[in-house]
Every structure is written in C-alpha cells, then in structure tokens.
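Residue numbers (the working numbering), protein chains in the order written: chain A, 26 to 545; chain B, 2 to 539. Inspection log for the structure reproduced underneath, given as structure tokens.
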Amino acid sequence: MTEHAPRSAIVIGAGHNGLACAAYLAKAGLSVTVLEASDRVGGAAVTREFTPGYRVSAGAHLLHALDEGVRRDLALERYGLRMAAEDLYTIALDPGGQWLSIADGALGGPGALDADRVSMAKHHRQMSRFARILDGIGDRRPPRLGTQNWRDLLALGRLGLDIRRLGTEDMREFLRIAGINIFDVLEERFESALLKAALAIDGTLGAMLGPRSNNSVFIALHRCNQGRDWALPSGGMGTVSVALDGAARAAGARIRTKTRVAAIRMDFDRACGVTLEDGETLDADVIVSNADPKTTFERLLGARHLEAGFANRIHHLRTRGCVAKLHLALDGPPRFTGLDADQRGQRLLIAPDPETVEHAFNHAKYGEHSERPVMEISVPSVFDDTLAPPGHHVLSANVQWAPYDLKGGWSEAAKQGFTERCLDSLEACAPGLREQVLANELLTPVDLENEFGMSGGHWHHVELALDSFFMLRPVPGAARYSTPVPGLYLCGAGSHPGGGVSGRPGRNAARAVLADRGRQ
Amino acid sequence: MRRHDAIVIGAGHNGIANAAFLAKAGLDVLLVEKNDYIGGAAVSRNLHGDWIYSNCSYVCSLLRPEIHRALDLAKYGLQVVPYGGSVTLAENGDYFGSYPDEDASRREIMRHSPRDADAAHRYERDIMRQCRFIRQFLLRTAPDPASFKPRDLLELLHIGRKLWDLGEDTIADTIRFYTMSIADWLDEYFESPLLKAAYAGSGIIGSALGVMSPGTAYVLLHHAMGDVDGTAGAWGFARGGMGAITAAMQRCFEAHGGKTLAGNGVARIEVRGGAVTGVTLENGDEHRAGIVVSNMTLPRTFLECMDPKDLRPEFLEKCRNFKIRGSSGKLNIALEGLPDFTALRGNQELMRADLHISDSIERLERAYDDWKDGTWSRDPYVDLLIPTLTDPTMAPPGKHFMSVFVQYVPPKVRGKDWTDADRDGFRDTVLDRIEAHAPGFKKMIAHVEVRTPRELEAEVGLTEGNIFQGELTMDQLLFNRPIPGYAQYRGPVKGLWMCGSSNHPGGGVMAAPGANAAREILMHLKKPNTVPEGWRDD
Numbered sequence: 026m027t028e029h030a031p032r033s034a035i036v037i038g039a040g041h042n043g044l045a046c047a048a049y050l051a052k053a054g055l056s057v058t059v060l061e062a063s064d065r066v067g068g069a070a071v072t073r074e075f076t077p078g079y080r081v082s083a084g085a086h087l088l089h090a091l092d093e094g095v096r097r098d099l100a101l102e103r104y105g106l107r108m109a110a111e112d113l114y115t116i117a118l119d120p121g122g123q124w125l126s127i128a129d130g131a132l133g134g135p136g137a138l139d140a141d142r143v144s145m146a147k148h149h150r151q152m153s154r155f156a157r158i159l160d161g162i163g164d165r166r167p168p169r170l171g172t173q174n175w176r177d178l179l180a181l182g183r184l185g186l187d188i189r190r191l192g193t194e195d196m197r198e199f200l201r202i203a204g205i206n207i208f209d210v211l212e213e214r215f216e217s218a219l220l221k222a223a224l225a226i227d228g229t230l231g232a233m234l235g236p237r238s239n240n241s242v243f244i245a246l247h248r249c250n251q252g253r254d255w256a257l258p259s260g261g262m263g264t265v266s267v268a269l270d271g272a273a274r275a276a277g278a279r280i281r282t283k284t285r286v287a288a289i290r291m292d293f294d295r296a297c298g299v300t301l302e303d304g305e306t307l308d309a310d311v312i313v314s315n316a317d318p319k320t321t322f323e324r325l326l327g328a329r330h331l332e333a334g335f336a337n338r339i340h341h342l343r344t345r346g347c348v349a350k351l352h353l354a355l356d357g358p359p360r361f362t363g364l365d366a367d368q369r370g371q372r373l374l375i376a377p378d379p380e381t382v383e384h385a386f387n388h389a390k391y392g393e394h395s396e397r398p399v400m401e402i403s404v405p406s407v408f409d410d411t412l413a414p415p416g417h418h419v420l421s422a423n424v425q426w427a428p429y430d431l432k433g434g435w436s437e438a439a440k441q442g443f444t445e446r447c448l449d450s451l452e453a454c455a456p457g458l459r460e461q462v463l464a465n466e467l468l469t470p471v472d473l474e475n476e477f478g479m480s481g482g483h484w485h486h487v488e489l490a491l492d493s494f495f496m497l498r499p500v501p502g503a504a505r506y507s508t509p510v511p512g513l514y515l516c517g518a519g520s521h522p523g524g525g526v527s528g529r530p531g532r533n534a535a536r537a538v539l540a541d542r543g544r545q
Numbered sequence: 002m003r004r005h006d007a008i009v010i011g012a013g014h015n016g017i018a019n020a021a022f023l024a025k026a027g028l029d030v031l032l033v034e035k036n037d038y039i040g041g042a043a044v045s046r047n048l049h050g051d052w053i054y055s056n057c058s059y060v061c062s063l064l065r066p067e068i069h070r071a072l073d074l075a076k077y078g079l080q081v082v083p084y085g086g087s088v089t090l091a092e093n094g095d096y097f098g099s100y101p102d103e104d105a106s107r108r109e110i111m112r113h114s115p116r117d118a119d120a121a122h123r124y125e126r127d128i129m130r131q132c133r134f135i136r137q138f139l140l141r142t143a144p145d146p147a148s149f150k151p152r153d154l155l156e157l158l159h160i161g162r163k164l165w166d167l168g169e170d171t172i173a174d175t176i177r178f179y180t181m182s183i184a185d186w187l188d189e190y191f192e193s194p195l196l197k198a199a200y201a202g203s204g205i206i207g208s209a210l211g212v213m214s215p216g217t218a219y220v221l222l223h224h225a226m227g228d229v230d231g232t233a234g235a236w237g238f239a240r241g242g243m244g245a246i247t248a249a250m251q252r253c254f255e256a257h258g259g260k261t262l263a264g265n266g267v268a269r270i271e272v273r274g275g276a277v278t279g280v281t282l283e284n285g286d287e288h289r290a291g292i293v294v295s296n297m298t299l300p301r302t303f304l305e306c307m308d309p310k311d312l313r314p315e316f317l318e319k320c321r322n323f324k325i326r327g328s329s330g331k332l333n334i335a336l337e338g339l340p341d342f343t344a345l346r347g348n349q350e351l352m353r354a355d356l357h358i359s360d361s362i363e364r365l366e367r368a369y370d371d372w373k374d375g376t377w378s379r380d381p382y383v384d385l386l387i388p389t390l391t392d393p394t395m396a397p398p399g400k401h402f403m404s405v406f407v408q409y410v411p412p413k414v415r416g417k418d419w420t421d422a423d424r425d426g427f428r429d430t431v432l433d434r435i436e437a438h439a440p441g442f443k444k445m446i447a448h449v450e451v452r453t454p455r456e457l458e459a460e461v462g463l464t465e466g467n468i469f470q471g472e473l474t475m476d477q478l479l480f481n482r483p484i485p486g487y488a489q490y491r492g493p494v495k496g497l498w499m500c501g502s503s504n505h506p507g508g509g510v511m512a513a514p515g516a517n518a519a520r521e522i523l524m525h526l527k528k529p530n531t532v533p534e535g536w537r538d539d
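Right, dumping it as structure tokens:
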C-alpha cells in the first residue's frame, strides 16, 4: 500500500480512451506514460491507407458519440480536430429507388409513408427523452451494489429520480420497453417495413442480437444517447486520436508507440508496474488499462492474482464480435439509386425489412455469416477530398453479421465469399458499383482483433447489454474503473458506458483514479 | 334475475380460487363459465373410451401451498402425487437422465462430464437462490412505481431492500438472470451440450422466445420455483388429472355458498355511468353485481366482452398491443400399451419421468426460427409424460395416457388461420419425432387429440393460444403486467377487476393472480381478508 497519493501512472494502450485518460491524469499533475503496441496511436479510431492512395477510418467510421466535455476540457480543436461534415442524417436505401431519410425524427424521401410521419416524430422525441437518462449516467461512476455506503444508495436514488422525473406516462413506457426487443416496439408504432428495418439496425448494430432479441431497445437507446448527430472528422477518425494525442502530450504525458506490454507486475497484492515484451520493466503507482477486460485480467495480469469468482466472471464475458468492416476503393462516386451527390455522403443503411434483418442475424447464432447481410455505409470522400485521389471515392461499411467464431474459420475463401455477398447487396442499391471497385478490404472480427487487440474483435470490448451495463460493466467488482487489484484501473470500452468514440470511459477512469487518491 | 355481490367470469383455476376466497369472506358470488364443464386449462376430460386426459395443463407444481392450505384443497379431495426426474433423449441413442435421488443424478452427470457434476451443484444452488427471491413476491400485489401512495412507495422500498440484502454478487446475478438468455446463462456453468439442452428446455416452455433470446432465463425460473408438499422445485400429478385441482377448489367454493352457471359464456360486461352493473350472457340472461371479476385474458375481456365506448381509446390501444402470441401446442394420446423408448430400455424409473426430445441448444434455437417465420417447428422441442405410470386411475388397466407438449407452434400459419390440414401436418411432425425414439409407438395409438393455438383459443379461451395468458417478458412482468398502471387487479372501470394469468405473477396453475385479486377486492370492500399473503418457506 502506498501511503501517499499516486504520482505516476502507466496507461496500457493508446486507444482514444487511453489517450483521454492520460490527458486528464497528466493535467492533474501525474507523471503519465502511455504504452502502445502498434506504431500509431488511436486504436480503433484510426485512419489508414488500405490500398495505395485510398485512406479510410479502419475501425469506427462515423463520429457521433464524442463527449462534449472531453472535447472542451482537452481543447481538441486546438490539436487539429475539425469536421469535414456535420449533422449527417440517415438514409435507408431501396433497390427500387423508394429510399427514405430520417433526420431528427423527420421522414423524407419517396419511401416515407404519411402514416409514419407523426409516429416517427413522437417516437424520436420519446426515445431522445429516454436516452437522456442513459446519457446522464454515462458521466457517472457506477455505484457499488449491496453496500450500506450512502454514496452508492444516493447514486441509485438519483437514477430512480431521473426516471421518475420523466413523468407518469413516459416513466411507465420507459419501464415497459427498456428491457425488451425493438421489433415488437416498432410493430406497435410503424407501418413502413423500410423504416422499421432502419430503426431495427440502430437496435442491433455492433451487438450479437437480432431485432427480436430483448435488449435491442437498450442498444437503440445507447446509440441514441450518444448520437447527437453523425459527423465525419476531416481526415477520418484518426484525426480524433491525433488530437487526443496532442492534448495528452501537451499536458505532459509521454507516449511510446511500438511498445508492447507483456505483463502487469505485482508487488505483493498491488499492481506496481509493467513488463514490456523486450523485458524492460517500468514502475508506476497506478496502472490504467485501455485493453479489454479479458486481455487485462487473463493475459496481462494472470488469473492467479484474482479471486476465483471474479476470475470466473471475467472468463465468461461475452466478447464475440459480429461486425465486419468492408472498405472499397472506387473510381467514381457510387450511384445509389435515386440519391443525389450530397445524399451519397450521408449515413446509408441497407436493410429492406425487419424480417430480413432477423434472418441475417439467424446465421450468426450458429456461427455462420449472413447470406443477405445488412449494413451501415459511409462514403466519407464525398465531403473529404483528403481520402482518395480526385474524382475517386472510398466506401466504408459496417456489415452484419460476421461472427468471430465462424464455423470453419475466416479463411481467405470465406472472406471472399462474404465480400461477394456484401457486393451483391451493394450492387442492388447502387447498380454498376461492382465495376467501380478498384480494390477492396474486408476486416472480419478476427482481423479487428489482430489489428486493434480487442478480444473477439468486439466493438464494445464486452457485449453491451442490460446484464453488462452501469454497475455490472464489465463485471461487478470492476465496474467503478478500479478493480479488485489495488493500483489497477480499467479505462476502455469494456467499462461504463461502453464503446463508441466518446472518450467517456477514459475520462471517467481518470476521475476515479484522482478521486481515490485520498483513500488509497 | 338476482343481484349478487360479485360475478366471476371464467371457471379456470384462478377464477374459482378468486370466487372461493370471496365466498369465504361472506360474499354472494356467482361464477359463470362458457363451457359445460369447469376447470379452464386445469381440466380432466374424458374424450375417448375410459381414458382421462389432462388435456391442457398437465403437471402440478406452481400451485401455491398457501392457497392449497387456505382453501383446504386436501379436504376437498386434491391429492398431488410427486413424480421423479426428467430425461433428455439424444439423437445418437444416448440420454441424459435426472433422478429424484441425488446420488443417482450425480453419477449420471458424471457419465456425461465430471466437470459438469460439480457445476450442477453451483447451478442448482444459484437457481434455488433466485427461486427463493421471487417466491416472496408471488402472493403480494406489485407496487405502482409511478404512484406516490404510501402503500406503493413502501412496497417498492420492500422489494428494493429485499434485493439489496442479497449482497453484491447475488444482486448482480439476479439482474443478469433476468436479462440474459438461458443459453448464455448455461454456458457459464456447463460444457456438455446434452446437459445444456436438458436444462434449457424449461426456459422456453410457453414463451415466444428462443433459448438464445435474452430474457429466457426468467422463464426457466417460472418452471423451477414451484414445489410439491414443501419439496422446492419438485413436480407432481394431480391424482385423476389436472381437473382434480379445479374440482377441489370448486367444492370449497360451493361449500361456502357459491353458485356456478356453466354452459353459457359472457356476451358483454355491462357498464352504466362509468361503473360495472353486471353481465349479459350469450343466451341473453342478465346477472347483476356491483363487482365483476374477469378471469379471461386481457384482450378477451376488454376487446371482446366490453363496449369500446366504455373504455378510453389509449387503454384499448394498450390492450391491442398486449403480447399474447401462442407458441405451443399439445397432443393428448390414448395408448393401447406402453411405448418402448430405445434409449430407456430397462429403465422403468426414467419412463416415469419427464421426457424431452431435442438434444442441443442449436436445435432448440432452430425450432424457434421456424416459429418466427410463422410455422410450427419442423424439429420441435417435445416434452412428454406418461402420467398413468404414476397415477393409474387415468386409463383402463394396462393402457396408458401420454401428454405431449410441443414447442413451437405459431398462432397463425404464415399469417393465415390454422386449417385442419395444417393441424394434421403438425400432428404428424410430432408423432414422427416420437416414433423415431420409440419404434412401434404409432401402432399403439388408440386416439389422439391435437391442440394447436386455434383449439386452445376456441375451447379454453386463451387468446392466440398463449398458455400464460400473456407473454412473460420484462414489459409484461410485475408492475408492467398486464399493462403499466393496471397491475393491481383493478380494471379501468369502477367495479371491474381482473384475476387471470394476464396479471401478476402470470401463468401456470399457480392460482396466485386469483388469490391476489381477491385480496385487493376484499380490501377495497373493507371486508376481512381471507387470502394468505407473502411467503414463509422456513
């Protein structure tokens, strides 16, 4: 046990959360070292060339969650963060040109049904009100369960009060739908299959869930909570990381890339430093891990330092990634049926109806990839000419479902087969697209795991669901960023409030480290 | 036409229990039933020769012991005979059996996986912990979280404190238990696929969810929290079929002066000036009472038996959105002899157990995929029992009755109503599945009664054939059941009450909704309470 406040910290991993955490700790006066295994910072928030001349956000591709507080506190604009486009809206594509757009609850486009307009506006307002509750707790350090500590009880009481303040009608509806599936809710509210499918995608993207699986309303709320608007950083998502890196360095943090941590070292019962792959050892008062919880506890720390029940919970964390990332280099703008030049740059969805989304998910349950995948598409080069040669474009798509543990493994043949399925879906909505493709890249969850180091290639490090949220994320005992191991903290997407380029887990973790100072 | 204190619509187990508790408190109660026999879904029917079918519900476990005692059901002739264990038949000819004897069970698990034998201990302990937690709320009225009444606030606090007292690990497990899928939950304990399939089955019975759907772990609890004679988690047969339960309740009701009118359904619940005045039966007879209690499903009560003018449009909208999709069907089979299950030759003990067909999580889930697409499962989950091995009174000597519960069966076939041809197709699918495990079985069949959701709705009145009178998902549990704001058995019209399984704590032959509704009515009337409350299990 140290008798004094921590003076030095090591952050393992320079993902956006690791960088944000480092910046906050350095600003508070700690001596901070960030250790990153790869040769660049940013983790899954990164821009890279996937074929000569064409650059793309290799992980996350739309910015919608970045915390306003983080952005302001760290003055990210000063370190180069600029937007190429803001206030993007969603367009659900249709092969026949009957697309529809959803912007702030307003429907547009030839596919919008009049019957749905009023319901959609109402639905959007209600979901936003509900999402504000999740948004509010996203800033808080979760309470510990079952204690007699007044702070914990107060934190829960506050959550209860937030819900109560919705008013009787809203509160009842919130308590009714928050735990169920989005399919049933959409059936109650809307007519148009295309609209329902688009909203169903919001409830399933990044999760091992179909629209009919309970928890999908929660996922939709989680996305809505963060999604003030969709934006494209100028130069891709890497710009966010570069800005965070700049802010952290300016605050005095040292950032070492190409430095892989092999293990977290213990001094009796306390984390005291790390051992690097080349054998070098580094000491610090506090170790903050931006790696996912499984990697942190099982690989870097070792289960022998953990109590059996805790180790068991970590072992059973659900980390099956299920989204593949498709990148295409195109020799011209993709010609989506019915869309004009500006509309091509919006957030595009391919999902014709909720049943198709559910069927696409069915495969994932059995370790198969979808036969008719559904996808979320961004063509960032419409607004950002730094990404592709003049006149050319890059298309980036999140494709569901491509389970991590594909039966037979993600062989080259399997990847090619899935890419073809994706191109089929794209071709249907953008005839001639296949001919425009100069190069393609498919990142399966296995590739994402290898490139970004997250277990299972899962966006959120740990499946985001009601059973792993707030005081249960990633597991009780480690949900307050501190862990059962004194001196060891978590700051990645596996911690509350989860994934998305928000910087929140990183910022909250830094606050937790600082708040625990007097109590070590 | 005589005026009664209360009219109870529907002589199912909840309706009779409700009527009996009201009659015990001295009320003049009339019980009306559309069928010529009473019992609802807890009946013994004689449909072929000397065979008696428990043709709807088929086993007894959830019936609250407090109600059993308070209504003196033993005195009125109810005997519950425990039966032992369960068995899951594997396609490769093997099986996984679970015996009433703990050592035998452990040896059997060891045979499949020594590691799972230890896991089973933890599993049973954790499930039992959840059962003990939930049981204390079964005979209590759920609080309304949106209300500021002291009673609701205190009850909410009571639940909160009970949960908080469990301690960090168990609270976490409880929240996870309610929100996880049974497949994920079992993955944390077991490695043997057959064991997982065996345990997962009870997570889907009666529900429109697959084993991989989050929220199924709770359905499992619903099938584990019962008991027979104080043995928690045990199951039994009501001697003489499930009708014996409702018959005993009925005797209790009549002994307290209750009157029953069977053979005539309610055409309309009459409302005047915003208050209930009585009911009009299908034959035109009118019966008056200031209190009408409906044991019918929520949609049947409000969408079929009431004038829409008497209800607010928002309320009707919520009734239409109530999720009550059927997901199961049943075959009741009279057998000339005892079928010979290949895997169980020489194992008479397991023949008396609950037999399941479906040997992996994936097969169970694929069965659900068929339901989603609007058809009965081509490879269904089958839960079959031969009660006559335990209770020989249900068939002529040497002959047997087999109850076959099947999951999944959709309320409509690809969006269209069930036809007789569909029904026969469903029957053949199921019989073929059983024949595959018991060659020669089909030749022993003397008679088969097939019940798809169509038959369940037409005869028992279960809307869309949902056996729980409404799905058991988070949006329809506790204070959300059946509709947020109406979870305290009180209907939207003065004098109208609800006592069916559409209400907390839901379906199963539990009689808790009926009892809870009676307690609320008596409290409202300021009459002495005759209904037990809460749970004392030690």
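Using N, Cα and C, we set each Cβ at its ideal position, and we do this for glycine too. Computed from a predicted model, the values in this text were never measured in an experiment.
*At what residue ranges does the segment 263–292 of chain A contain a whole run of the beta strand (DSSP E), taking only runs of 3 or more?*
279–281 and 286–292
*Neighbouring residues, chain A, relative to Arg-133/B (Cβ below 8 Å)*: Residues of chain A passing the Cβ test: none, with the nearest at roughly 17 Å.
*Under the rule that 16 or more other beta-carbon atoms within 10 Å means buried, what is Val-143/A, buried or exposed?*
exposed
*Name, please, each residue of chain A whose Cβ falls closer than 9 Å to the Cβ of Gly-216/B.*
Gly-204, Ile-205, Asn-206, Ser-238, Asn-239 and Asn-240
*Quick one: give me the first and last residue of the beta strand (DSSP E) that Leu-60/A is part of.*
56–60
*Of the residues Phe-303/B, Gly-327/B, Gly-330/B and His-448/B, which one's Cα is nearest the Cα of Glu-318/B?*
Phe-303/B
_is_contact[Gly-171/A, chain B] using C-beta, thresh 7 Å_ = yes
*asked:* If you reduce the DSSP assignment to three classes, tell me which class Pro-454/B lands in.
replied: Of the three classes helix, strand and coil, the one that applies to Pro-454/B here is helix, per DSSP.
*Answer yes if the segment 196–212 of chain B comes into contact with the segment 87–101 of chain B, meaning at least three C-beta pairs across the two stretches below 8 Å, and no otherwise.*
yes
*Verify the CB distance criterion: does Tyr-391/A have a CB-CB separation below 7 Å to chain B?*
Residue contact check for Tyr-391/A against chain B: a CB pair falls below 7 Å.
*Which two residues bound the contiguous alpha helix (DSSP H) that contains Cys-253/B?*
244–256
*Return no unless some Cβ of chain B is closer than 7 Å to the Cβ of Met-291/A.*
no
*So, Ala-272/A versus Leu-99/A, is the Cβ gap smaller than 7 Å?*
yes
*Which residue from Glu-380/A, Glu-198/A, Glu-302/A and Ala-156/A puts its Cα closest to that of Ala-218/A?*
That would be Glu-380/A, whose Cα lies nearest to the Cα of Ala-218/A.
*Can you check whether the CB of Arg-269/B is closer than 7 Å to the CB of Gly-279/B?*
Contact: no.
*asked:* Is there a C-beta anywhere in chain B that falls below 7 Å from the one on Ala-196/A?
replied: With the sequence shown as reference, residue 196/A is identified as Met, and Ala is not the correct amino acid for it. Yes, because at least one Cβ of chain B sits closer than 7 Å to the Cβ of Met-196/A.
_Within 7 Å of chain B by C-beta, residues of the segment 370–392 of chain A in sequence order_ = Glu-383, Asn-387, Lys-390 and Tyr-391
*Out of Ala-85/A, Ser-33/A and Ala-137/A, which has the shortest C-alpha to C-alpha gap to Phe-477/A?*
Of Ala-85/A, Ser-33/A and Ala-137/A, the residue nearest in Cα terms is Ala-85/A.
_Could you compute how far the alpha carbon of Pro-381/B sits from the alpha carbon of Leu-432/B?_
Each residue's CA atom was taken as its position, placing Pro-381/B and Leu-432/B some 11 Å apart.
*Would you call Arg-97/A buried or exposed, if buried means 16 or more other Cβ atoms sit within 10 Å of its Cβ?*
exposed
*Where do the ends of the alpha helix (DSSP H) carrying Thr-411/A lie?*
DSSP places Thr-411/A outside any alpha helix (DSSP H), giving it a letter other than H or E.
*asked:* Against chain B, with Cβ distances strictly below 7 Å, would Met-26/A count as a contact?
replied: Confidence at Met-26/A is low in this model, with a pLDDT of 43, below 50, so its placement is unreliable and no value can be given for it.
*Would you mind telling me which residues of chain B sit closer than 7 Å to Glu-213/A, beta carbon to beta carbon, in chain order?*
Asn-322
_Reduced DSSP category for Arg-46/B - H, G, I as helix; E, B as strand; rest coil_ = strand
*Should the segment 316–332 of chain B be regarded as contacting the segment 453–472 of chain B, the criterion being three or more beta carbon pairs within less than 8 Å?*
yes
*Three or more C-beta pairs closer than 8 Å, one from the segment 367–387 of chain A and one from the segment 219–229 of chain A: is that the case here?*
yes
_For a test of the three-state rule: what should DSSP assign to Met-145/A, helix, strand or coil?_
helix
_chain A contacts made by the segment 268–300 of chain B, where a contact means CB separation under 7 Å_ = none
*Could you check if Leu-48/B is buried or exposed, using at least 16 other CB atoms within 10 Å of its CB as the buried criterion?*
exposed
*Can you tell me the Cα-Cα spacing of Ala-180/A and Thr-321/A, whole angstroms?*
Cα to Cα, the separation comes out at about 28 Å.
_For a test of the three-state rule: what should DSSP assign to Pro-388/B, helix, strand or coil?_
helix
*asked:* I'd like to know if Ile-128/B contacts chain A, where contact means its C-beta is closer than 7 Å to some C-beta of that chain.
replied: no
_Outcome for Phe-149/B when other beta-carbon atoms lying within 10 angstroms are tallied against a minimum of 16_ = Using a 10 angstroms sphere on the CB of Phe-149/B, the tally of other CB atoms stays under 16, which defines it as exposed.
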